[in-house]
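Accompanying notes for the structure given below.
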Amino acid sequence: MKRKAIIATLTAAVLVGGGTATAFGVAGSGSGDDAAQPAAGSAVRLADQDAEQDKAGGDHDDDCDDHGRHEHGRDSNDRREDTGAVEVSLREAVQAVHKARPGTITEIELDTERNRLVWEADVLGDNGRWHDVDIDASTGKVVHNRVDAYKDDDRSVARGARIDVAAAAAKAAEASKGTVTSADLERDGRWEIDAVDKQGNEHEIDIDARSGKVLHHETDQADHDDHDDHDGDDGSDD
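Counting with mature numbering (1 follows the signal peptide of the UniProt record, and there is no 0), you get residues -23 to -1, 1 to 215 for the letters of the sequence shown.
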């Protein structure tokens, strides 16, 4: 907080100035100058208020934010989100979504919500309404299952897809030899799928939602060397 910087500066002044800082405070109280006197008291009150607020917010000047979430924990989630290294696979998440909300999944992706990884899915329910269903990527439990009253995607695209999300993801996993982290049914009738392989290479794969044919496959090679982007032909560093 900014107030900590102010208090630290005042404290440093007392430590470095020693008697001078003390003399200033005493002189202020004896000279009739009321402006100087509240300054020290204000600093003390600010320090007390700051400590109380930090205590109430759970901020103990460690590596946590005011909600007790570790910064390195969020970094870890980001890495797992990028690589799909979670306990519940996309296939298992799809099964959990279908159990919670029968219908057609048009989009599913691994994301971080409230400092935990979840599979977020858009579902055109059998009741004809759009739903948001989130599955905990560690436990497989349903986190959210609610109607999305604002979604207005073309229902005919979902109903016309012969290849469902599970089949499309399996096709993409086979093509990339990796783990699928997201799948999205586009308006033009193709599945747009992201995957990452064991070497960290990212794959973007488009699959025809009617035939199951791979329409496009693009690979973004991982940079394993901070100084040289050109690795050996066998995938190892030169």
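Ideal Cβ positions, reconstructed from N, Cα and C, are used throughout, including at glycine.
None of these values were measured; they are calculated from a predicted model.
Exposure label - residue i; buried when at least 16 CB within 10 Å
i: D210; result: Legend: pLDDT at D210 = 41, less than 50; position of this residue unreliable, no value from coordinates given.
i: R78; result: buried
i: G155; result: buried
i: K190; result: exposed
i: V167; result: Rather than Val, the amino acid found at residue 167 in this sequence is Arg. Per the 10 Å Cβ criterion, buried.
i: V124; result: exposed
i: K76; result: exposed
i: E163; result: exposed
i: S133; result: exposed
Residue i (DSSP reduced to helix, strand or coil)
i: R132; result: helix
i: E84; result: strand
i: R93; result: strand
i: E181; result: strand
i: G137; result: helix
i: E64; result: coil
i: G189; result: coil
i: T196; result: strand
i: T156; result: strand
i: D103; result: coil
Supposed close pair residue i, residue j - CB separation, criterion 8 Å
i: D197; j: E179; result: 4 Å
i: V157; j: L67; result: 5 Å
i: L101; j: A146; result: L101 to A146, Cβ: 17 Å. No contact.
i: E86; j: S159; result: 4 Å
Length of the line joining the Cα atoms of residue i and residue j
i: E181; j: S115; result: 25 Å
i: K175; j: H194; result: 17 Å
i: Q72; j: E90; result: 20 Å
i: A186; j: V110; result: 22 Å
i: residue 235; j: D99; result: Residue 235 lies beyond the range of the chain shown here (-23 to 215); nothing can be said about it.
i: A126; j: D103; result: 15 Å
i: V119; j: S188; result: 31 Å
i: A152; j: E97; result: 23 Å
i: L94; j: V142; result: 20 Å
i: D113; j: A138; result: 27 Å
i: A144; j: A70; result: 14 Å
i: D129; j: G105; result: 11 Å
i: D171; j: A199; result: 14 Å
i: A62; j: D131; result: 32 Å
i: D183; j: D88; result: 21 Å
i: I140; j: A149; result: 12 Å
The alpha helix (DSSP H) enclosing residue i, as first and last residue numbers
i: R68; result: 67 to 77
i: S153; result: 142 to 153
Residue range of the beta strand (DSSP E) that includes residue i
i: R164; result: Run containing R164: none; DSSP gives neither H nor E here.
i: V119; result: 119 to 124
i: D111; result: 107 to 113
Residue i: CB within 7 Å of a non-hydrogen atom of the ligand ATP
i: K190; result: As far as ligands go, the structure on display features none, and thus does not contain the ligand ATP.
Neighbour flag for residue i against chain C, beta carbons, 8 Å
i: N122; result: Absence of chain C from the displayed structure is noted, only one protein chain being present.
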